[in-house]
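Order-wise, the sequence lines are chains Z and Y. Okay, so the first sequence: first residue is 28 according to our numbering, each after it adds one. Okay, so the second sequence: first residue is 28 according to our numbering, each after it adds one. Beta carbons are placed, not taken as given, at the ideal position from N, Cα and C, and that holds for glycine. Heads up: the structure comes next, in C-alpha cells.
Number of protein chains: 2
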Amino acid sequence: MNTPPKVPAVLVLGPPLVFKAYESEFSEKFNFLKPWEKAIPLHQFISTRADTVKAIFCSAVSPVTAEIIQSLPELRFVLASSTGVNHIDIRECKRRGIVVANAGSTFSEDVADMAVGLLIDVVRRISAGNRFVKAGVWPKEGHYHLTHKLRGKHVGIVGLGSIGLDIATRLYAMGCMISYTSRTMKPHVTFPFYPNIHQLVANCEILIISCALTEKTRHMVDRDVMLVLGKEGIIVNIARGAIINEKELIECLVKGEIGGAGLDVFEHEPNFPQELFALDNVVLTPHHGAVTKEACRDLYDFICKNLDAFLSNRPLECEVVDV
Amino acid sequence: MNTPPKVPAVLVLGPPLVFKAYESEFSEKFNFLKPWEKAIPLHQFISTRADTVKAIFCSAVSPVTAEIIQSLPELRFVLASSTGVNHIDIRECKRRGIVVANAGSTFSEDVADMAVGLLIDVVRRISAGNRFVKAGVWPKEGHYHLTHKLRGKHVGIVGLGSIGLDIATRLYAMGCMISYTSRTMKPHVTFPFYPNIHQLVANCEILIISCALTEKTRHMVDRDVMLVLGKEGIIVNIARGAIINEKELIECLVKGEIGGAGLDVFEHEPNFPQELFALDNVVLTPHHGAVTKEACRDLYDFICKNLDAFLSNRPLECEVVDV
Chain Z
28 MNTPPKVPAV
38 LVLGPPLVFK
48 AYESEFSEKF
58 NFLKPWEKAI
68 PLHQFISTRA
78 DTVKAIFCSA
88 VSPVTAEIIQ
98 SLPELRFVLA
108 SSTGVNHIDI
118 RECKRRGIVV
128 ANAGSTFSED
138 VADMAVGLLI
148 DVVRRISAGN
158 RFVKAGVWPK
168 EGHYHLTHKL
178 RGKHVGIVGL
188 GSIGLDIATR
198 LYAMGCMISY
208 TSRTMKPHVT
218 FPFYPNIHQL
228 VANCEILIIS
238 CALTEKTRHM
248 VDRDVMLVLG
258 KEGIIVNIAR
268 GAIINEKELI
278 ECLVKGEIGG
288 AGLDVFEHEP
298 NFPQELFALD
308 NVVLTPHHGA
318 VTKEACRDLY
328 DFICKNLDAF
338 LSNRPLECEV
348 VDV
Chain Y
28 MNTPPKVPAV
38 LVLGPPLVFK
48 AYESEFSEKF
58 NFLKPWEKAI
68 PLHQFISTRA
78 DTVKAIFCSA
88 VSPVTAEIIQ
98 SLPELRFVLA
108 SSTGVNHIDI
118 RECKRRGIVV
128 ANAGSTFSED
138 VADMAVGLLI
148 DVVRRISAGN
158 RFVKAGVWPK
168 EGHYHLTHKL
178 RGKHVGIVGL
188 GSIGLDIATR
198 LYAMGCMISY
208 TSRTMKPHVT
218 FPFYPNIHQL
228 VANCEILIIS
238 CALTEKTRHM
248 VDRDVMLVLG
258 KEGIIVNIAR
268 GAIINEKELI
278 ECLVKGEIGG
288 AGLDVFEHEP
298 NFPQELFALD
308 NVVLTPHHGA
318 VTKEACRDLY
328 DFICKNLDAF
338 LSNRPLECEV
348 VDV
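Quick look at the structure:
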C-alpha cells in the first residue's frame with residue numbers, strides 16, 4: 028500500500044514581519060511550518076519534519092546556517108523577506124544547488140526615501156531642532172544655529188543597485204552631485220564611477236551605503252575612509268551595519284572626526300552603541316527603512332507569487348545567483 | 028555756509044541672522060543704524076536719526092509698522108532678509124511709494140529640502156524611531172511599527188512660487204502625485220491646478236503650505252480643511268504659522284482627526300502650543316528652514332547687491348510689487 032504524497036512544506040524562520048501581518052492569508056495558500064509556536068529547540072523542531080521541507084521563508088535577522096541547510100535533505104529554495112541575503116549561507120546553498128531569492132526591488136523606493144530622510148535630518152538638523160523646540164529652549168535662545176545646504180554637495184553612493192539608483196534619482200533632484208562605486212561600472216549610468224571606496228570618498232563629503240554585506244564589503248568603511256571623508260563629512264547607512272566598522276565609526280563621531288551620521292542599521296542590532304545616544308549630530312532609526320504598510324502588501328504578493336512559482340516549477344521573479 | 032551732505036543710513040531691525048553673521052563685512056560697505064546697541068526705546072532711537080534713514084533692512088520677525096514708516100520721511104526702500112514680507116506694512120509702503128524687496132529665491136531650495144525632510148520624517152517616523160532607539164525600547168519590543176510609503180501619495184501644494192516649485196520637483200522624483208493651488212494657474216506647469224484649497228484638499232492626502240501669509244491666506248487651513256484631509260492626512264508648513272488655524276490644528280492632531288504634522292513655523296513663535304510636545308506624529312523645528320551657512324553667504328551677497336543698487340539708483344534684483 029502506498030503512503031499518500033506529502034504536502035510540500037515551507038519552513039518559516041524569524042518570522043518575517045510580512046508573515047505576521049498576513050499570516051491568515053498566507054496560511055490559506057501554503058503549508059507553513061512555524062517553529063516559534065512550539066516550545067522546543069529549532070534543530071529538534073526541524074529534525075521531526077525534515078523530509079517535508081522544500082523551502083525556507085526567512086526574515087533578515089534569521090540565520091540560515093549550513094547546519095540548518097544540511098538537516099533539510101529536500102530543501103530546494105530559500106526565500107528572504109529582505110533585500111540583503113547576508114544571513115543565508117550562500118556557499119552551502121550553491122553547493123547543494125538550492126536557489127536563493129530575495130525581495131527584489133519591493134523595498135527600493137522606501138529604503139531610498141529613508142536614506143534621503145536620514146540625510147536631510149542630519150544635514151538640516153531636524154531631530155535636533157525638534158528636541159530644541161520640545162525642550163523649550165527656543166524662546167530662551169532665539170535663533171537656532173545654522174545648518175548646511177544640500178544643493179551642490181558631493182554625494183558618494185556605495186553600491187548602485189536598485190536602492191542606490193533610487194537614492195541617486197532623489198538627491199539629483201535636490202541638486203546634489205552624485206558619484207558612485209560598485210562591483211562593476213553601470214553601462215547606462217552617467218554619474219561618475221570610482222573603482223573603489225577610497226577614490227569615491229576622496230571625491231565626496233556625503234557617503235551613502237547601499238550595497239550588499241559580503242565578506243568583501245564587511246568593515247569596508249573604516250577609520251581610514253572616515254578620516255578622508257573629514258570633519259564635515261556625513262555617513263548614511265541603510266544597508267547593513269557591519270559594512271561600517273562600528274567601533275571606529277563611534278570613535279570618529281565622538282572625536283568629531285566626521286560631521287554626523289544617519290543610521291538605520293547596526294552591527295549587532297537591535298543592540299547598538301550607547302555612546303551614540305548623546306550625540307546631537309547622529310540620527311538612529313530601528314532598521315525600519317523597508318517596512319511600510321504598502322511595501323508589506325507588495326511583499327505579500329511577491330512572496331506568494333514566488334513560492335507558488337517554485338512549488339509549481341515556474342520561473343521565479345527574482346533569483347540571487349551571485350553574491 | 029553749507030552743511031556737509033548726510034551719508035544715507037540703513038536702519039537695521041531685528042537684526043537678521045545674516046547681519047549678525049556678516050556684521051563687520053556689512054559695516055565696511057554701508058552706514059548701518061543698530062538700535063539694539065542703545066538702551067533706549069526704538070521710537071526714540073529713530074526720532075533722533077529719522078532724516079538720514081533711506082532704507083530699512085529687517086528680519087522676518089521685526090514688524091515694520093505704519094508708525095515706523097511714518098516716522099521716517101526719507102525712507103524709500105524696505106529690504107527683508109526673508110522670503111515672506113507679512114511683517115511689513117505693505118499698504119503704507121505703497122501709499123508712500125516705498126519699494127519693498129524680499130530675499131528672492133535665495134532660500135527656496137533649502138526651505139524645499141526642509142519641507143521634504145519634515146514630510147519624510149512624519150511619514151516614515153524618523154524622529155519617533157530615533158526616540159524609540161535612544162530610549163532603549165528596540166531590544167525589548169523588536170520590530171518597530173509599520174510606517175507609510177511616499178510613492179503614489181497625492182501631495183497638494185498651497186502656493187507654487189519658487190519654494191513650492193522646488194518642493195514639487197523633489198517630491199515628483201520620489202514618485203508622489205503633485206497638484207497645487209495658487210492665486211493664478213501657472214501657465215508652464217503641468218501639475219493639476221485647483222482654484223482653491225477646498226478642491227485641492229479633496230484630492231490629496233498630504234498638504235504642504237508654501238504660500239505667502241496675507242489677509243486672504245490667514246487661517247486658510249482650518250478645521251474644515253483638515254477634516255477633509257482626514258485621519259491619515261499629513262500637513263507640512265514651512266511658510267508662516269498663521270496660515271493654519273493653530274488652535275484647530277492642535278485639536279485635530281490631539282483627537283487624531285488628521286494623521287500628523289511637520290511644522291517649521293508657528294502662529295506665535297518662538298512660543299507655541301505645549302499640547303504638541305507629547306505627540307509622536309508631530310515634528311517641530313524652530314523656523315530654521317531657510318538658515319543654512321551657504322544660504323546665509325548667498326544672502327549676504329544678495330543684500331549687498333540690492334542695497335548698493337538702491338543707493339546708486341540702479342535696478343534691484345527683486346521687487347515685491349503686489350502682495
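message: I'd like to know if Y:Glu136 contacts chain Z, where contact means its C-beta is closer than 9 Å to some C-beta of that chain.
response: Chain Z, which has a Cβ nearer than 9 Å to the Cβ of Y:Glu136, makes this yes.
message: With a threshold of 9 Å between beta carbons, is Z:Met201 in contact with chain Y?
response: Z:Met201 counts as touching chain Y.
- prompt: Distance, Cα to Cα, Y:Leu146 vs Y:Leu177?
  reply: Whole-angstrom Cα-Cα distance: 9 Å.
- prompt: Helix or strand or just coil, what does DSSP make of Y:Phe134?
  reply: Secondary structure of Y:Phe134 (DSSP, three-state): coil.
query: Does the beta carbon of Z:Asn298 sit closer than 9 Å to a beta carbon anywhere in chain Y?
result: Yes, its Cβ sits closer than 9 Å to a Cβ of chain Y.
message: Looking at Y:Val80: is its Cβ nearer than 9 Å to the Cβ of Y:Leu44?
response: Contact: no.
- request: Would you decide whether Y:Arg197 is buried or exposed? Buried here means 16 or more other CB atoms lie within 10 Å of its CB.
  value: Taking every protein chain shown into account, the CB of Y:Arg197 has 16 or more other CB atoms within 10 angstroms, so this residue is buried.
- prompt: Taking the alpha helix (DSSP H) that Z:Thr378 falls in, what are its first and last residues?
  reply: Nothing about residue 378 of chain Z can be reported from this structure: the residues present for chain Z run from 28 to 350 only.
field: For Z:Thr312, the three-state DSSP class (helix, strand or coil)
entry: For Z:Thr312, the secondary structure class from DSSP, reduced to helix, strand or coil, is coil.
message: Does the CB of Z:Phe218 have a neighbour CB from chain Y at under 9 Å?
response: Not an interface residue.
- request: Answer with buried or exposed for Y:Gly268, where buried requires no fewer than 16 other C-beta atoms within 10 angstroms of its C-beta.
  value: Burial state of Y:Gly268 is buried, judged by a 10 Å Cβ sphere holding 16 or more other Cβ atoms.
task: Taking Z:Gly191 and Z:Tyr207 to be in contact with their CB atoms under 8 Å, please state how far apart those CB atoms are, rounded to whole angstroms.
output: The beta-carbon distance between Z:Gly191 and Z:Tyr207, rounded to whole angstroms, is 7 Å. This is short enough to meet the 8 Å contact definition.
task: Thinking Z:His252 and Z:Val228 are a contact (beta carbons under 8 Å), I'd like their distance in whole angstroms, please.
output: It is Val, not His, that sits at residue 252 of chain Z in the sequence shown. About 5 Å; that satisfies the 8 Å criterion.
query: Are the region 150 to 164 of chain Z and the region 210 to 228 of chain Z touching by the rule of at least three beta carbon pairs closer than 8 Å?
result: Verdict: no, contact absent.
message: Measuring only from the beta carbon, is Y:Phe299 closer than 8 Å to any heavy atom that is part of the ligand SAH?
response: The model on display carries no ligand, and the ligand SAH is accordingly not part of it.
query: Residues bridged to Y:Leu338 by DSSP?
result: Per DSSP, Y:Leu338 has no beta-bridge partner at all.
- request: Starting from Z:Met204, trace the beta strand (DSSP E) both ways and give me its first and last residue.
  value: From DSSP, the beta strand (DSSP E) with Z:Met204 extends over 204 to 208.
- prompt: Quick one: complete alpha helix (DSSP H) runs, 4+ long, within the region 120 to 194 of chain Z?
  reply: If we require 4 residues or more, the alpha helix (DSSP H) runs fully inside the region 120 to 194 of chain Z come out as 135 to 151, 153 to 161, 165 to 168.
- prompt: DSSP puts Y:Thr319 in a beta bridge; with which residues?
  reply: Within the DSSP bridge table, the entry for Y:Thr319 names Z:Thr174 as partners.
task: For chain Y, find out if any of its Cβ atoms is closer than 9 Å to the Cβ of Z:Ile281; answer yes or no.
output: Note on identity: in this sequence residue 281 of chain Z is Val, with Ile being the wrong assignment. No, Z:Val281 lies away from the interface with chain Y (no Cβ there is under 9 Å from its Cβ).
message: Checking the sheet assignment: what are the DSSP bridge partners for Y:Leu106?
response: Beta-bridge partners assigned by DSSP to Y:Leu106: Y:Phe84, Y:Ala128.
- prompt: Using the beta-carbon of each residue, which ones in chain Z are nearer than 7 Å to Y:Phe304?
  reply: Result: Lys161.
- request: Determine the direct distance from the alpha carbon of Z:Ile67 to that of Z:Cys85, and round the result to whole angstroms.
  value: C-alpha of Z:Cys85 to C-alpha of Z:Ile67: approximately 19 Å in a straight line.
- prompt: How close, in whole Å, do the beta carbons of Z:Met141 and Z:Ile271 come, if the pair is a contact with beta carbons under 8 Å?
  reply: The C-beta separation of Z:Met141 from Z:Ile271 comes to about 16 Å, leaving the pair out of contact by the 8 Å criterion.
Secondary structure of Y:Gly41, DSSP reduced to three states: When DSSP states are grouped into helix, strand and coil, Y:Gly41 belongs to the coil group.
- prompt: Does the separation of the CB atoms of Y:Asn58 and Y:Ala36 fall below 9 Å?
  reply: Inclusion of Y:Asn58 and Y:Ala36 in the CB contact set at 9 Å is warranted, their separation being smaller than that value.
- prompt: With DSSP run on the structure shown, which of helix, strand or coil describes Z:Leu285?
  reply: The sequence given here has Ile at residue 285 of chain Z, not Leu. In this structure, Z:Ile285 counts as coil in the three-state DSSP scheme.
task: Taking only beta-carbon positions, decide if Y:Tyr171 is within less than 9 Å of chain Z.
output: True, the Cβ-Cβ gap to chain Z drops below 9 Å.
task: Please list the partners that Z:Arg151 has in chain Y, where partner means a Cβ-to-Cβ separation under 7 Å.
output: Ordered by position in chain Y, the residues that pass the 7 Å Cβ test against Z:Arg151 are Asp140, Met141, Gly144.
- prompt: Who are the Cβ neighbours of Y:Glu302 in its own chain at under 7 Å, not counting the five residues just before and after it?
  reply: Once the five neighbours on either side are set aside, the close Cβ partners of Y:Glu302 are Ile277, Val281.
- request: Would you mind telling me which residues of chain Z sit closer than 8 Å to Y:Cys323, beta carbon to beta carbon, in chain order?
  value: Chain-order list of chain Z residues neighbouring Y:Cys323: Leu173, by C-beta distance under 8 Å.
message: I need the straight-line Cα distance from Y:Leu38 to Y:Ile83, nearest angstrom please.
response: The straight-line gap from Cα to Cα measures roughly 5 Å.
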